[in-house]
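Participant: Before anything else, here's the structure in question.
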Amino acid sequence: MLITELKPRETIVSLVDGKKAFIINCQGCKEVHFPEKEATELQKELTADGNVTGILTTDYICNPENMKLRLEKHKSEIEAADVVLVFSCGVGVQTVAEYLEDKKVCAACDTYPMPGFQGVTPLEYKCDQCGECYLNLTGGICPITACSKSLVNGQCGGSKNGKCEVDSDMECGWERIYRRLAQLGRLDALKCPTQIRNYATDDEVSK
Amino acid sequence: MKITKAFERGEFVVTAEVGPPKGCHIENVVEEAKTYLSGITAVNVTDNQSSVMRLGSLATCKVLKDAGLNPIFQLTCRDRNRIALQSDLLSAAMLGIENLLLLTGDHTKMGDHPQAKPVFDLDSVSLIHTVKKLEEGEDLGGNKLVGEPPQFAKGAVVSPCSDSVDAQLAKMERKVAAGCDYFQTQAVFEPEKFIKFMEKAKQFGKPVQVGIIIPKSAGMAKFMNNNVAGVHVPDEMIEELKADKEKTKAGITGVEIAARIIKACRPYCQGVHIMALGWESKVPELLKQAGI
Numbered sequence: 006m007l008i009t010e011l012k013p014r015e016t017i018v019s020l021v022d023g024k025k026a027f028i029i030n031c032q033g034c035k036e037v038h039f040p041e042k043e044a045t046e047l048q049k050e051l052t053a054d055g056n057v058t059g060i061l062t063t064d065y066i067c068n069p070e071n072m073k074l075r076l077e078k079h080k081s082e083i084e085a086a087d088v089v090l091v092f093s094c095g096v097g098v099q100t101v102a103e104y105l106e107d108k109k110v111c112a113a114c115d116t117y118p119m120p121g122f123q124g125v126t127p128l129e130y131k132c133d134q135c136g137e138c139y140l141n142l143t144g145g146i147c148p149i150t151a152c153s154k155s156l157v158n159g160q161c162g163g164s165k166n167g168k169c170e171v172d173s174d175m176e177c178g179w180e181r182i183y184r185r186l187a188q189l190g191r192l193d194a195l196k197c198p199t200q201i202r203n204y205a206t207d208d209e210v211s212k
Numbered sequence: 038m039k040i041t042k043a044f045e046r047g048e049f050v051v052t053a054e055v056g057p058p059k060g061c062h063i064e065n066v067v068e069e070a071k072t073y074l075s076g077i078t079a080v081n082v083t084d085n086q087s088s089v090m091r092l093g094s095l096a097t098c099k100v101l102k103d104a105g106l107n108p109i110f111q112l113t114c115r116d117r118n119r120i121a122l123q124s125d126l127l128s129a130a131m132l133g134i135e136n137l138l139l140l141t142g143d144h145t146k147m148g149d150h151p152q153a154k155p156v157f158d159l160d161s162v163s164l165i166h167t168v169k170k171l172e173e174g175e176d177l178g179g180n181k182l183v184g185e186p187p188q189f190a191k192g193a194v195v196s197p198c199s200d201s202v203d204a205q206l207a208k209m210e211r212k213v214a215a216g217c218d219y220f221q222t223q224a225v226f227e228p229e230k231f232i233k234f235m236e237k238a239k240q241f242g243k244p245v246q247v248g249i250i251i252p253k254s255a256g257m258a259k260f261m262n263n264n265v266a267g268v269h270v271p272d273e274m275i276e277e278l279k280a281d282k283e284k285t286k287a288g289i290t291g292v293e294i295a296a297r298i299i300k301a302c303r304p305y306c307q308g309v310h311i312m313a314l315g316w317e318s319k320v321p322e323l324l325k326q327a328g329i
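Residue numbers (my numbering), protein chains in the order written: chain B, 6 to 212; chain R, 38 to 329.
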C-alpha cells in the first residue's frame, strides 16, 4: 500500500505559476490511497482562476498503453497547456513524463509507503515512496531510484560512457536528468537551492 | 595553513595525495611524506579510497600535521550520516586541521566490502552546505554550536574530461553556490579537454588544481581507460609507455608524460594536485621537470 498526499498548496500553485495547466488524476488503484477530496477542491480553485485547459480523471496511468489511449482524447487540451500536473504516485508521474517528453510534467503529490503489502507496480519506473517527491526538479526522472547513490544535487564523478560506476548496464540517472532538462529548456532547475533529504517524512503523514 | 591563503597570494599551488595503509602502522607513510612532500603547499589524505577499508583519514591528518606537513582532510559521504560527518568536522577543527576536500565518495560496491550499507545521507553539495553552516555557528539541525565556530578551506572535486562534462559543470556550479572555495580535478591526460573545460569553469571564479596521475605502465593506462570514470589515456601515450619497458618501469616515461601535461595545463589553472598512487618518491623530480 502507498499513500499519496497533496504537496503543500503553495507548491502546487507555484508549479502552475499563472500559466495553463492540464490536470491528470489517477484514481481507482486499490494499492494507493488518493486524496480525492483535497485534490478536487484545489482543482476547482485552479479552474476558477481560468488556468486549467482540461482535467482527466482515470486509473492506472502507470500502464503506458492505457495511459496513451486516455491521453489521446485530450491531445488538444494537453497541447494548450504549459504544464501537466499529475496527481498520482511517483510511478504515474514518471510514466507520463516519459511519454510527454517535450512537456513540463509535474508531481502534485508526495508518495509515502504503508507497512505491509506493497502495490505491484507493473513497470520499470520506480518510486521509492520517499515522501518528498523530487520529480519537479529533475524533469520527471526520479533521482532516488535512477541514481545508485540516490543523489539529489547532481551527478557524481562515477559515470563512464554514460553508465553508472556500480552497474555498467545502468544508465547514469543524472545524465538522463541533465539530457531531459536540456531538452525541456529547463536547465535552470539545476540551480535550485541545495537539497537535503528528509528521512523523517513518516512523521509528516500523521500531521 | 589554509590552502586558500596560497591561492590568494597567487601561487601555483601544489598538493599531493597520500593513502593511509590497511593497518595501524603509519611510520612509513609519515617518513615518505616528510622526505618527498614537505616542500609542497598541502597533502591530501584519502578517506577509505575506492571504498577500500583503511586507517582513518582524520587520524592520519593529525599525525602528518604533527610531523610538520599541512594536511587536507578528505571526507566522503559514503560511510557516515550527517551526525557522524559533522562530528568528524568538529573533531578536525579541534585538532587544528584547516583544509577539507568534500566528496560524495565511491559506491560501497566498488571496494573490498561490497556487502556494506552505502550511506549517502548527504552528498558533496549538501556536505559543503553543512560545513558552511558549522562555520556560521550552527549545525544542520539548526542548533547553536558552543564557542567560536570552526573555519575551513572547503575544497571539492570535478571531472573535467568526463564524457558528461556539461552535467559536471552544472554540479560544479552547485558546489560553488553551496560555498566551495577551491577545486581539485580528476586525473587529466588530455590537456586540450581540460583547457576547454577551464574556459567554461573560469566563470565560477574559484581556483582549480589540475589532477595528475603519473602513469606507471601501459597496462595501468588501459586499466584506467576501462575502469576509471572521467579518465582517458590517449593511444599515443600508451604507445609511449610501451616503447621502452625499462624506462617506463623506472618511472622515467611516466614522469615525462605527467610533466608535459602539467606544463600544458598550467597557464589555464591555479595549481596542480598529484595523485602519486605509491610513487610519492617521484614527486620532486616531476615538479622539477614541470618547472615548478
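Every residue, glycine too, gets a C-beta built ideally from N, C-alpha and C.
All values derive from a computational prediction rather than experimental measurement.
Rounded to a whole number of angstroms, what is the C-alpha to C-alpha distance between residue 216 (chain R) and residue 241 (chain R)?
Facilitator: Taking the straight line joining both Cα atoms gives about 11 Å.
Participant: Output, in sequence order along the chain, the residues in the stretch 205-233 of chain R whose CB is closer than 8 Å to any CB in chain B.
Facilitator: If the cut-off is 8 Å between Cβ atoms, the stretch 205-233 of chain R has 205, 207, 208, 210, 211, 214, 215 and 223 near chain B.
Participant: When you compare only the Cα positions, how much space is there between residue 193 (chain B) and residue 156 (chain B)?
Facilitator: C-alpha separation (whole angstroms): 18 Å.
Participant: How many angstroms separate the CA atom of residue 33 (chain B) from the CA atom of residue 43 (chain B)?
Facilitator: Using only the alpha carbons, I get a separation of about 16 Å.
Participant: State buried or exposed for residue 212 (chain B), treating a residue as buried only when at least 16 other CB atoms are found within 10 Å of its CB.
Facilitator: In this prediction, residue 212 (chain B) has a pLDDT of 44, which is less than 50 and means its spatial position is unreliable; what the coordinates show is noted afterwards. So residue 212 (chain B) counts as exposed.
Participant: For residue 54 (chain B), count neighbouring C-beta atoms within 10 Å of its own C-beta (all shown protein chains included) and say buried if the count is 16 or more, exposed if not.
Facilitator: That one is exposed.
Participant: Listing by chain order, which chain B residues have their CB less than 9 Å from the CB of residue 270 (chain R)?
Facilitator: The contacting residues do not exist; residue 270 (chain R) stays about 14 Å from chain B at best.
Participant: For the alpha helix (DSSP H) that residue 282 (chain R) lies in, which residues bound it at each end?
Facilitator: Its alpha helix (DSSP H) spans residues 282-286.
Participant: By the three-class DSSP mapping on this structure, what secondary structure does residue 211 (chain B) have?
Facilitator: Confidence in residue 211 (chain B) is poor, its pLDDT being 45 and thus under 50, which makes the residue's placement unreliable; the coordinate value appears in the next sentence. Three-state DSSP puts residue 211 (chain B) in a helix.
Participant: Answer yes or no: does any C-beta atom of chain B fall closer than 8 Å to that of residue 176 (chain R)?
Facilitator: Cβ-Cβ to chain B under 8 Å: no for residue 176 (chain R).
Participant: Quick one, are the C-beta atoms of residue 171 (chain R) and residue 114 (chain R) less than 8 Å apart?
Facilitator: Their beta carbons are not under 8 Å apart, which means residue 171 (chain R) does not touch residue 114 (chain R) by this criterion.
Participant: Are the stretch 181-196 of chain B and the stretch 137-155 of chain R touching by the rule of at least three beta carbon pairs closer than 8 Å?
Facilitator: Verdict: no, contact absent.
Participant: Should residue 188 (chain B) be flagged as near chain R, meaning a C-beta pair shorter than 8 Å?
Facilitator: Not closer than 8 Å to any Cβ of chain R, the Cβ of residue 188 (chain B) fails to qualify, so no.
Participant: Grab the span of the beta strand (DSSP E) containing residue 158 (chain R) for me, first residue to last.
Facilitator: Neither: residue 158 (chain R) is in no beta strand (DSSP E) and is coded neither H nor E.
Participant: Going along chain R, which residues have a C-beta under 8 Å from residue 104 (chain B)?
Facilitator: Ordered by position in chain R, no residue passes the 8 Å Cβ test against residue 104 (chain B), which lies about 24 Å from the chain.
Participant: Using the Cβ count rule (16 or more neighbours within 10 Å means buried), how would you classify residue 150 (chain R)?
Facilitator: Residue 150 (chain R) should be labelled exposed.
Participant: Would residue 234 (chain R) pass as a contact of residue 186 (chain R) if the rule is Cβ separation under 8 Å?
Facilitator: Not in contact: residue 234 (chain R) and residue 186 (chain R) (Cβ atoms no closer than 8 Å).
Participant: Cβ of residue 105 (chain R) less than 8 Å from any chain B Cβ?
Facilitator: Not an interface residue.
Participant: Could you pull the start and end residues of the beta strand (DSSP E) that residue 151 (chain R) belongs to?
Facilitator: No beta strand (DSSP E) contains residue 151 (chain R), which DSSP labels as neither H nor E.
Participant: Taking residue 214 (chain R) as the reference, give the member of B:177, B:176, B:196 and B:30 with the closest Cα.
Facilitator: Among B:177, B:176, B:196 and B:30, the Cα nearest to that of residue 214 (chain R) belongs to B:196.
Participant: With a threshold of 7 Å on Cβ separation, who are the neighbours of residue 321 (chain R) within its own chain once the five nearest residues in sequence on each side are excluded?
Facilitator: Closer than 7 Å at the Cβ level, and outside the excluded window around residue 321 (chain R), lie 73.
Participant: Do you know offhand how far residue 51 (chain B)'s Cα is from residue 57 (chain B)'s?
Facilitator: Roughly 6 Å separates the two Cα atoms.
Participant: Going by DSSP, what residue range makes up the beta strand (DSSP E) through residue 90 (chain B)?
Facilitator: First-last of the beta strand (DSSP E) with residue 90 (chain B): 88-92.
Participant: Is the separation between the beta-carbon of residue 41 (chain R) and that of residue 190 (chain R) shorter than 8 Å?
Facilitator: Their beta carbons are under 8 Å apart, which means residue 41 (chain R) touches residue 190 (chain R) by this criterion.
Participant: Cβ of residue 93 (chain B) within 8 Å of Cβ of residue 114 (chain B)?
Facilitator: In contact: residue 93 (chain B) and residue 114 (chain B) (Cβ atoms closer than 8 Å).
Participant: Excluding five sequence neighbours on each side, which residues of the same chain lie with their C-beta closer than 7 Å to the C-beta of residue 178 (chain R)?
Facilitator: Same-chain partners within the cutoff: there are none.
Participant: Answer with buried or exposed for residue 120 (chain R), where buried requires no fewer than 16 other C-beta atoms within 10 angstroms of its C-beta.
Facilitator: By the neighbour-count rule (16 or more Cβ atoms within 10 Å), residue 120 (chain R) is not buried but exposed.
Participant: Whole angstroms are fine: how far does the CA of residue 107 (chain B) sit from the CA of residue 148 (chain B)?
Facilitator: Going from the Cα of residue 148 (chain B) to the Cα of residue 107 (chain B) covers about 19 Å.
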